[in-house]
Amino acid sequence: MKFEKIDGVQYIVLEKNDEICITNSDELQKKQIKITSTDGGLEISGNSSIVSSIRGDGMLEKVYIQPVVSSEKILEKCDKWLDMFKQVHDTFKKLVLTDEYRKQHVVMELSFPTFFSFTDSDVKGRIIDLDLKQHGTILKEGVTISIDEANDDVYSYLVASVLDYYISQNLVGQKIDFMNFNSILYSNEKHEKGTTVPILATMGSLTESNEYYKIVASIIGNHNIGESSEQLIANLRNRISNQQIGDRMDSGINHSSKQCEHILKKTLISKK
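In this text, residue positions in the sequence shown follow the working numbering: the first is 50, and each later residue adds one.
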């Protein structure tokens, strides 16, 4: 990166992979425009709310507008990821129930964290993660998916599907005391005193939201009375409409696909 002054105008010359952020005093550290120098030229991204206008020959031709994705395509993506989730869940479950993993306090944890951008306060959303952990540290990544806040109907469907599967596989025959619920669902596997419960779901971020709390309460309520949550999940599925959806969803699916392939391949090799 170089700075040059020509005819009284200050220029910033970006070399390959250089990056700068531009903002104003009102939005400092909140919203900004990022400019990155690539092989193909300057890549500009950021929040439109701090831009008053865009001018120049051919500038509008360079503006990227996220395409609208059909509900059918979105559901196809969701179902692909959910299938990988189930495969990795079942594989991880077998591992954490072995003597070796239990002695080392390795657990499978399902979690629902949130995310936000440090550079753009309008960019935020929610995540679903399934990992193997030891004393809170990730030992092996499983599957993950990130959904922007604007696509909350997609996240609702994924949450309901994931939570329903988790409960059906790990709390069979065990009622959940929702009145004294502490936002953590432990599996019903027996464990010796002082040892770690091998499977858990941490749901604090879900129960803190009215919308997702209702989903959690419905799934648990159906489980406690021995009813299926199929109708609830179908209703949430049908709510998904054609919409713009960020690249984060595809990135999560692609990463999960690689993880799933690696995890299942390693498991097959170990059985030989």
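The beta carbon of each residue, even a glycine, is placed where N, CA and C say it ideally should be.
Since this is a predicted model, take the numbers as computed values, not measurements.
At least 3 beta-carbon pairs within less than 8 Å: the stretch 301-313 vs the stretch 230-238: no
Using a Cβ distance threshold of 8 Å, determine whether the stretch 260-278 contacts the stretch 192-205, with at least three qualifying pairs required. yes
Tell me, to the nearest whole angstrom, how far the beta carbon of Leu124 is from that of Ala209; I am working on the premise that it is less than 8 Å. The residue labelled residue 124 in the question sits at position 75 within the sequence shown. The residue labelled residue 209 in the question sits at position 160 within the sequence shown. The Cβ separation is near 13 Å, so there is no contact.
Pair within 8 Å by beta-carbon distance, Ser135 and Tyr60: Here residue 135 refers to the residue found at position 86 when the sequence shown is read from its first residue. Here residue 60 refers to the residue found at position 11 when the sequence shown is read from its first residue. According to the sequence provided, residue 135 is Lys. The question's Ser does not apply to it. Not in contact: Lys135 and Tyr60 (Cβ atoms no closer than 8 Å).
Residue nearest to Val211 in terms of C-alpha spacing, selected from Asp56, Gly275, Asp128 and Gly90: For the purposes of this step, residue 211 is identified with residue 162 of the sequence shown, where counting begins at 1. Residue Asp128 is the option with its Cα nearest to Val211.
At what residues does the alpha helix (DSSP H) containing Arg288 begin and finish? By 1-based counting over the sequence shown, the position of residue 288 is 239. Per DSSP, Arg288 belongs to the alpha helix (DSSP H) from Glu279 to Arg288.
Give the DSSP-derived three-state secondary structure of Val137 in the structure shown. Here residue 137 refers to the residue found at position 88 when the sequence shown is read from its first residue. In this structure, Val137 counts as helix in the three-state DSSP scheme.
Assign Tyr204 to one of three DSSP states: helix, strand, or coil. As a position in the sequence shown, residue 204 is number 155, starting the count at 1. Correct three-state label for Tyr204: helix.
Would DSSP call Val156 helix, strand or coil? Residue mapping note: residue 156 aligns to position 107 of the sequence shown, counting from 1. If DSSP states are grouped into helix, strand and coil, Val156 belongs with the strands.
Kindly identify the DSSP beta-bridge partner or partners of Thr163. Reading the sequence shown from its first residue, position 114 is the one you call residue 163. According to DSSP, Thr163 bridges with Arg175.
Specify, as a first and last residue, the run of the beta strand (DSSP E) that Thr193 falls within. Position 144 of the sequence shown, counting from 1, holds the residue named residue 193. Residues Thr186 to Asp197.
Among Ile269, Asp201 and Gly191, which has the Cα closest to the Cα of Ser290? Within the sequence shown, the letter at position 241 stands for residue 290. For the residues Ile269, Asp201 and Gly191, the minimum Cα distance to Ser290 belongs to Asp201.
Reducing DSSP to helix, strand and coil, say where Leu131 ends up. In the sequence shown, the residue the question calls residue 131 occupies position 82. Of the three classes helix, strand and coil, the one that applies to Leu131 here is helix, per DSSP.
Segments assigned alpha helix (DSSP H), at least 4 residues, entirely inside the stretch 212-283: 253-256 and 259-273
So, helix, strand or coil for Gln115, using DSSP? Looking up residue 115 in the sequence shown gives position 66. Correct three-state label for Gln115: coil.
Is Met50 closer than 8 Å to Phe161 when the C-beta atoms are compared? By one-based count along the sequence shown, residue 161 stands at place 112. By one-based count along the sequence shown, residue 50 stands at place 1. No, Cβ-Cβ distance for Phe161 and Met50 is not below 8 Å.
Can the beta-carbon of Ile344 be found less than 8 Å from the beta-carbon of Ile69? Shown here, the chain extends from 50 to 321; a query on residue 344 therefore has no answer.
At what residues does the beta strand (DSSP E) containing Ile55 begin and finish? Counting from 1 along the sequence shown, the entry for residue 55 is found at position 6. Taken as a continuous stretch (DSSP letters only), the beta strand (DSSP E) holding Ile55 covers Lys51 to Ile55.
Which residue or residues does DSSP assign as beta-bridge partners of Thr87? Working through the sequence shown from its first residue, we reach residue 87 at position 38. Answer by DSSP bridge pairing, in chain order: Gly90.
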